[in-house]
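Presented below is the structure to which this report refers.
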Amino acid sequence: MEVDTPTTCPRCGLTGPLIFTRQDKAWVTELVSQNAMQVAEYHVPVMECLQCHHAVRGDPIPI
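In this note's numbering, the protein residues as written are -4 to 58.
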(Lines of atoms letter the chains of each structure in order from A and count residues from 1; the text may use other names and numbers.)
(Lines give C-alpha, C1' and ligand atoms only; values in the text may rest on other atoms or scores of the structure.)
Protein backbone atom coordinates (compact mmCIF):
# COMPACT_ATOMS: atom_id res chain seq x y z
CA MET A 1 0.00 0.00 0.00
CA GLU A 2 1.18 3.51 -0.76
CA VAL A 3 1.62 5.99 2.10
CA ASP A 4 0.93 9.72 1.69
CA THR A 5 3.98 11.91 1.16
CA PRO A 6 4.71 14.10 4.20
CA THR A 7 4.52 17.87 3.63
CA THR A 8 5.55 19.20 7.06
CA CYS A 9 8.83 18.82 8.93
CA PRO A 10 8.21 17.82 12.56
CA ARG A 11 11.58 19.27 13.66
CA CYS A 12 11.42 22.86 12.30
CA GLY A 13 7.77 23.13 11.20
CA LEU A 14 8.49 23.95 7.53
CA THR A 15 5.36 23.30 5.48
CA GLY A 16 5.52 22.71 1.75
CA PRO A 17 7.28 20.43 -0.69
CA LEU A 18 10.12 18.37 0.74
CA ILE A 19 12.90 16.63 -1.23
CA PHE A 20 12.30 12.93 -2.00
CA THR A 21 15.31 10.85 -0.91
CA ARG A 22 14.15 7.23 -0.95
CA GLN A 23 11.27 4.78 -0.61
CA ASP A 24 11.26 2.46 2.43
CA LYS A 25 9.11 -0.58 3.10
CA ALA A 26 7.32 -1.03 6.42
CA TRP A 27 5.26 -3.95 7.65
CA VAL A 28 2.43 -3.83 10.16
CA THR A 29 1.22 -7.07 11.74
CA GLU A 30 -2.25 -7.29 13.23
CA LEU A 31 -3.52 -10.17 15.33
CA VAL A 32 -6.86 -10.91 13.67
CA SER A 33 -7.95 -13.90 15.72
CA GLN A 34 -6.39 -16.33 18.18
CA ASN A 35 -4.11 -18.11 15.68
CA ALA A 36 -4.13 -15.76 12.69
CA MET A 37 -2.07 -12.75 11.71
CA GLN A 38 -2.60 -10.21 8.96
CA VAL A 39 0.52 -8.53 7.58
CA ALA A 40 0.31 -5.35 5.51
CA GLU A 41 3.27 -4.00 3.52
CA TYR A 42 3.51 -0.23 3.09
CA HIS A 43 5.69 1.79 0.69
CA VAL A 44 6.83 4.73 2.81
CA PRO A 45 8.34 7.84 1.19
CA VAL A 46 11.31 9.37 3.01
CA MET A 47 11.77 13.08 2.39
CA GLU A 48 14.38 15.67 3.40
CA CYS A 49 13.46 19.07 4.82
CA LEU A 50 14.80 21.96 2.73
CA GLN A 51 15.39 24.09 5.82
CA CYS A 52 16.92 21.81 8.50
CA HIS A 53 17.74 18.69 6.38
CA HIS A 54 15.86 16.41 8.80
CA ALA A 55 14.67 13.08 7.31
CA VAL A 56 10.86 12.97 7.33
CA ARG A 57 9.02 9.65 6.84
CA GLY A 58 5.43 9.14 5.82
CA ASP A 59 3.25 7.48 8.46
CA PRO A 60 2.01 4.01 7.43
CA ILE A 61 -0.66 3.96 10.15
CA PRO A 62 -3.25 6.73 9.82
CA ILE A 63 -4.35 8.02 13.22
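Beta carbons are placed, not taken as given, at the ideal position from N, Cα and C, and that holds for glycine. All values derive from a computational prediction rather than experimental measurement.
With three or more beta-carbon pairs closer than 8 Å as the criterion, would you say the region 2 to 10 touches the region 23 to 35?
no
For residue 78, is the classification buried or exposed, using 16 other Cβ atoms within 10 angstroms of its Cβ as the cut-off for buried?
Here the chain covers residues -4 to 58 and nothing more, so residue 78 does not appear.
State the beta-bridge partners of residue 24 as determined by DSSP.
34
Which whole-angstrom value is the C-beta distance of residue 2 and residue 40, which I expect to be below 8 Å?
Rounded, the Cβ-Cβ distance is 11 Å, inconsistent with contact.
Taking only the alpha-carbon atoms, compute the straight-line gap between residue 43 and residue 12 and give it to the nearest angstrom.
9 Å
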